[in-house]
Every structure is written in structure tokens, then in C-alpha cells.
Amino acid sequence: MNNDKETKQKLLVSAKKEFMEKGYMKASLRNICKDAGVTTGALYFFFKDKEDLFGSLIREPLETLYRFMNEHYASEKDYVIENIKEMGDFEEDRVTMEKITRFLYQYREEFLLLVEKSQGSCYENFTDRFIEVTQKHYRIMADRYSAFLHKPRVDDYSIHWISHMEIDVFIHMLTHEPLEEEALKHSKIIMNFLIAGWFGLFR
713 MNNDKETKQK LLVSAKKEFM EKGYMKASLR NICKDAGVTT GALYFFFKDK EDLFGSLIRE
773 PLETLYRFMN EHYASEKDYV IENIKEMGDF EEDRVTMEKI TRFLYQYREE FLLLVEKSQG
833 SCYENFTDRF IEVTQKHYRI MADRYSAFLH KPRVDDYSIH WISHMEIDVF IHMLTHEPLE
893 EEALKHSKII MNFLIAGWFG LFR
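First residue of the sequence shown? That's 713 in my numbering, and the numbers climb one at a time after it.
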């Protein structure tokens with residue numbers, strides 16, 4: 713059993729190295745096995761194919777991040793009206809921004825695989841899922857704000873665009889800032905911008 717765990721771990725380490733260097737499409741299972749010091753048969757004992765191997769590197773952090781976002785959006789619906797009344801400081805949003813940023817940097821290599829190296833796999837459009845859930849949430853929030861403030865409804869195109877922008881904030885951060893503490897510092901400034909921009913929709 714311990715030998716199986718050790719072999720699988722060697723394959724994952726070698727796979728991450730190969731995918732990071734060459735990307736999903738050009739990565740070679742033969743090279744991965746050679747680097748790990750195992751046979752291709754051993755690889756297929758643990759993984760169905762190249763895509764399953766790639767997924768084993770990124771699936772868990774990706775699903776955890778998706779759960780973070782859904783939990784945040786669910787809780788945000790509960791306090792949004794109070795924030796409208798008081799123009800609150802959106803502390804929960806700031807805490808969530810920090811939580812997500814720290815998580816992204818905890819698994820930065822895995823998320824860089826998704827962002828930069830997943831072309832040709834079923835994960836290459838992974839951001840679509842995050843944009844979709846963000847767009848649905850912002851549609852609900854914008855309608856609540858518009859009704860409460862007696863303002864015109866924000867059009868769907870703008871909501872879709874804003875949703876893309878929010879996801880792009882994290883993509884840019886991952887690909888351009890290697891240091892977690894610097895990313896946290898910048899994320900506070902970006903959060904102030906996003907909050908101010910949100911209220912700007914209802915002037």
C-alpha cells in the first residue's frame with residue numbers, strides 16, 4: 713500500500729513538472745513515467761488517461777474555490793439590504809477577498825496550470841463556470857439594489873461584463889504577482905475599486 717502511494721506521488725510530482733514546462737497538449741506521458749521512474753502501466757493503474765492525470769493535480773483546489781465562491785454569494789444575499797441602507801464597509805467581502813487570495817497562493821502552481829497550461833483539456837474554459845455563477849449572483853443583487861434605490865435596471869450585458877472583470881482580477885493577480893503578501897496588498901486596493909464601481913451602477 714505504501715509503495716502504491718509513493719508511486720502515485722512520484723507520478724503527480726513528475727506530471728506537474730511536465731505540464732508546467734510544456735502545457736497539457738505537448739506534455740508526454742512517457743516523459744512523466746520516465747522522470748518518475750515507473751512504467752506506463754503503473755501510470756494507467758492510477759489514472760485513466762492524460763486528462764485524468766491533469767485533473768488529479770487541479771481538481772481538489774478548483775472545487776474548493778468554487779465552493780468558497782458559492783458560500784460567499786449565498787451569505788451576501790442575506791446582508792445586502794443592510795449594506796444598501798447604511799452604505800456599509802462590506803467587511804465580509806474584504807475578508808472573502810483575502811481568504812480567496814491566500815487560497816490561490818497556497819495552490820498557485822495548480823491554478824497557474826489551469827490558467828496557462830490547460831489548453832486542449834476539458835479544463836481550458838474553467839473560468840466560464842465562475843463567470844456564470846458570478847453573473848447569476850450579480851443579476852440578483854443588481855435587481856435588489858435597483859428596486860430599493862428606485863433606479864433603472866442594469867442591463868444584462870453590463871452584468872456579464874462586470875462578472876468577467878471580477879474573475880479577471882484574480883487571473884491577473886496570479887499571473888503577474890508571484891508574492892502572496894504583495895498580492896494581498898494590491899487586492900485591498902482592487903476591492904475598494906470594485907465596491908465603488910458597484911455603487912456607481914446605481915447613480
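Where is the CB? At the ideal position from N, CA and C, for every residue including glycine.
Inset, instruction - Can you give me the Cβ contacts of ARG806 inside the same chain, cut-off strictly under 8 Å, excluding the 5 residues immediately before and after it? - result: LYS900, MET903
Inset, instruction - Within its chain, find whatever has a CB closer than 8 Å to the CB of LYS811; leave out the 5 residues flanking it on each side and keep chain order. - result: PHE780
Inset, instruction - Taking the CB atoms as reference points, tell me whether PHE802 and LEU886 lie closer together than 8 Å. - result: no
Inset, instruction - Given a cut-off of 8 Å, decide if SER875 and GLN847 are closer than it, judged by their beta-carbon atoms. - result: yes
Legend entry - Member of ALA748, ARG851, MET732 whose CA lies at the smallest distance from the CA of GLU718: ALA748
Legend entry - Those runs of the alpha helix (DSSP H) which lie wholly inside the segment 718–800 and span at least 4 residues: 741–748, 752–758, 762–798
Legend entry - Burial state of ALA727, where buried means 16 or more other Cβ atoms lie within 10 Å: buried
Inset, instruction - Tell me where the alpha helix (DSSP H) around ASN704 begins and ends. - result: Here the chain has residues from 713 to 915 only, and residue 704 is not among them.
Legend entry - Alpha-carbon spacing of ILE770 relative to LEU825, whole angstroms: 8 Å
Inset, instruction - Taking GLU730 and ILE744 to be in contact with their CB atoms under 8 Å, please state how far apart those CB atoms are, rounded to whole angstroms. - result: 5 Å
Legend entry - Local conformation of ALA854 per DSSP, three classes: helix
Legend entry - Contacts around LEU896, its chain only, beta-carbon distance under 8 Å, and the 5 residues preceding and following it disregarded: GLU810, THR813, ARG814
Inset, instruction - Mind checking which residues open and close the alpha helix (DSSP H) that includes GLN831? - result: Unbroken run through GLN831: none, as it is neither H nor E.
Legend entry - Cβ-based burial, PRO864 [other Cβ within 10 Å; buried from 16]: exposed
Inset, instruction - Report, in whole angstroms, the separation of the C-beta atoms of SER858 and PHE911, which I expect to be a contact under 8 Å. - result: Actually they do not touch by this definition, with Cβ atoms about 12 Å apart.
Inset, instruction - Output yes or no for whether 8 Å exceeds the beta carbon distance between LEU906 and GLU878. - result: yes
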